[in-house]
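In our numbering, the protein residues as written are 17 to 199.
Here a beta-carbon is modelled for each residue, glycine too, at the ideal position from N, C-alpha and C.
No experiment lies behind these values; they were computed from the predicted model shown.
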């Protein structure tokens, strides 16, 4: 699934509808922390002085807009007995809590913060049987974080524990993988 493609997202929605089974859980996990080229040299587009429009827009497209469009496309398929939309975020999106990483990282931070706001705002429009939250999964070892110390499987279990012990006050919130709210 190319999350930047409206056609792919619509195809996903048709495929899910054709399965004739309700969606219980949607994980919006696609994400990007982009680097770009400036003056022919690799530059961290996330540092002031090197910020470029195209990589910034791509980060917003993938990290913030795509989860909203995917959730919207599957809205009719969510289980009326209860469903969850889980948007994978980052501690970098916290305005108050995350400044141990002293880089601006503008595109990634801002696009993930936008996704958190979209998650919160979506509670105004989602039916009561659809619950949603954004979650920082920890320092998960992945293609985007080769130095990560946490196993994807273990962190997925932690996130699923939030669902299994659901507290309605968490709806629309930005959480740590432990289920604790970010400020």
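The criterion of a C-beta distance shorter than 8 angstroms is satisfied by residue 168 and residue 156. For residue 17, no beta strand (DSSP E) segment is defined, and its DSSP state is neither H nor E. Spatial neighbours of residue 129 in its own chain (CB-CB distance under 6 angstroms, excluding positions within 5 residues in sequence) are listed in chain order as 109. In terms of Cα proximity to residue 50, the closest of 144, 87, 17 and 68 is 68. Here DSSP, grouped into helix, strand and coil, assigns residue 30 to helix. A straight-line Cα-Cα distance of about 11 angstroms links residue 190 and residue 153. With a cutoff of 8 angstroms on beta-carbon distance, residue 27 and residue 87 are scored as not near each other.
In summary, residue 170 is exposed, with fewer than 16 beta-carbon neighbours lying within 10 Å of its beta-carbon over all protein chains present. Here residue 192 carries a strand assignment [DSSP, helix/strand/coil]. Rounded to the nearest whole angstrom, the CA to CA distance from residue 147 to residue 106 is 19 angstroms.
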